[in-house]
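Shown next, in structure tokens, is the structure this report addresses.
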Amino acid sequence: MPDARVSVLPSRPAVRADGACTLDLLVTITPPAAAPAAGRPRLNLGLVLDRSGSMGEVRKLAFAKQAAVFAVRELADGDRVSVTIFDDRVETIVPNGVPDKTRVAGLIESVAPRGSTALFGGWAEGAAQVRAGHVAGGLNRVLLLSDGLANVGESRPDVIATEVHKAATAGVSTSAIGLGADYNEDLLEAMARSGDGNYYYVESPAQLPGLFGAELRGLSATVGTDATFAVESAPGVVFSEVLNELDTTPDGRYRLPNLIGGMPVSVVVRVTVPGGEGEVPVARFRVEWTPANGDGKRVAVAGLTLPAVPSAVWDALPENPEVKEQAALLVAARAKKAATRASEAGDRAGTAAFLAMAREATCAVPGTPATAAELAALDQLDALLVDDEAKFRKQAKYESHQRHRGKSYRPDEE
1 MPDARVSVLP SRPAVRADGA CTLDLLVTIT PPAAAPAAGR PRLNLGLVLD RSGSMGEVRK
61 LAFAKQAAVF AVRELADGDR VSVTIFDDRV ETIVPNGVPD KTRVAGLIES VAPRGSTALF
121 GGWAEGAAQV RAGHVAGGLN RVLLLSDGLA NVGESRPDVI ATEVHKAATA GVSTSAIGLG
181 ADYNEDLLEA MARSGDGNYY YVESPAQLPG LFGAELRGLS ATVGTDATFA VESAPGVVFS
241 EVLNELDTTP DGRYRLPNLI GGMPVSVVVR VTVPGGEGEV PVARFRVEWT PANGDGKRVA
301 VAGLTLPAVP SAVWDALPEN PEVKEQAALL VAARAKKAAT RASEAGDRAG TAAFLAMARE
361 ATCAVPGTPA TAAELAALDQ LDALLVDDEA KFRKQAKYES HQRHRGKSYR PDEE
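According to UniProt numbering, the sequence shown is numbered sequentially starting from 1.
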């Protein structure tokens, strides 16, 4: 398999010769193309569906079952699946194996809503099923769907996220789908982040079939897992921050989302470079990942060296519009996340102020389709803040999460 490519684009194409300067660096990781469908790694999918009483509302469970049946029918020969359902009890209606798709579809269709929400127990059983049929060199994932709060069994987000991370370390990743306005978005986002998977907020049950399709397409096109990113500053260069909010490993590397063929991952790094002469080294960037077929660790490295110019020349250099755009959108994403925290604290003035900061950051760069879409999203958040504050928090957190991971607000359209 070809290696991923790493490229670096600075906000200005030079550094000051006679003083320090701050630069934003847009680092883009371009994964290799995905293998043709016939050559992709085998999938081992554990579907975990909430069947609690609230799933009977507005046809939630009906759409969830439709989406699950779609996912099963899309599996290729040799792929494996299990189906676990939970309310206050946990039941695996389809043990892990290569499915008889017609039989599995019938079992899924027979599920009816009832009871409470043993979310952790459902996930744990789903993960156990995936482990039982673990496919070496394949993609082993739990896909969890819930519309409610974990109210039976373990419910502490930190404990659950720790267990999900342990499973991911052992080769079983987790994606989580939150449906409607009543689930714990912090828990499901933490599960997806800890589980090396994806997090989705779904407002309408009708979106579920398209979203399941997007998850399967992404899983089938995965070319790398356990991806990390490290910054090695040159002597004298101060590494300020990564503007993306990314989890870190114990040794300080940044965790990246899975590498999907044809979907570059962008990270914005802010550094301060001292004055210098001639060609000035700025930083090296190291990306590591494991190919989806499990074929050892891969590494890609890129460095950046820039010419030193007088301050008058540096000040006149135009800023790269692509770097400015990406940095501004990440600053806006941070402000939206801060707005949700203010909302949770009952601080309506603070919430509005953070949303205004997000708008200001977006408007500070030349208009592009991406900034126009962001401004439209902010308009919708302003309206939600007035009409439905709980929905506002879920939508704003989801948009922030997706931006920091370089993903669309509408994954079903990817």
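C-beta atoms are modelled at their ideal positions from N, C-alpha and C, and glycine is treated no differently.
On a predicted model such as this, the values are computed, not experimentally measured, just so you know.
- Beyond the five residues adjoining it in sequence on each side, Y183 comes within less than 6 Å, by CB distance, of S146, D147 and G148 in the same chain, given in chain order.
- By the criterion of a C-beta distance shorter than 6 Å, R40 is surrounded in its chain by S220, once the five residues flanking it on both sides are discounted.
- For L385, the enclosing alpha helix (DSSP H) begins and ends at P369 to D387.
- Here V331 carries a helix assignment [DSSP, helix/strand/coil].
- For a cut-off of 8 Å, the C-beta gap from A105 to V83 is around 10 Å, too long to register as a contact.
- Partner residues in a beta bridge of M191, as assigned by DSSP, do not exist.
- G133 places its beta carbon less than 9 Å from that of N44.
- For P264, the three-state secondary structure derived from DSSP is coil.
- For the options S240, S233 and S173, the alpha carbon positioned closest to that of E215 is the one of S173.
- For G126, the enclosing alpha helix (DSSP H) stretches over residues L119 to A132.
- Runs of the alpha helix (DSSP H) spanning 4 or more residues and lying entirely within the stretch 183–233 occur at 185–194 and 208–220, in chain order.
- Here the stretch 184–197 makes contact with the stretch 162–176; the two share three or more CB pairs at distances below 8 Å.
- In this chain, the alpha helix (DSSP H) harbouring S311 covers S311 to A316.
- In the three-state reduction of the DSSP assignment, S155 falls in the coil class, being assigned neither a helical nor a strand state.
- DSSP lists no bridge partner for N244.
- If you look at G178, you'll find it isn't in any alpha helix (DSSP H); it sits in the beta strand (DSSP E) that goes S173 to L179.
- If the five residues before and after L61 are omitted, its C-beta is found closer than 6 Å to the C-beta atoms of M55 and P113, all from its own chain and listed in chain order.
- Contact annotation: L143 and V48 have beta-carbon atoms nearer than 9 Å.
- By alpha-carbon distance to D158, the top candidate from R141, A190, T169 and A127 is A190.
- In the structure shown, V237 adopts coil according to DSSP, grouped into three states.
- When only Cα atoms are considered, T30 and G367 end up about 25 Å apart.
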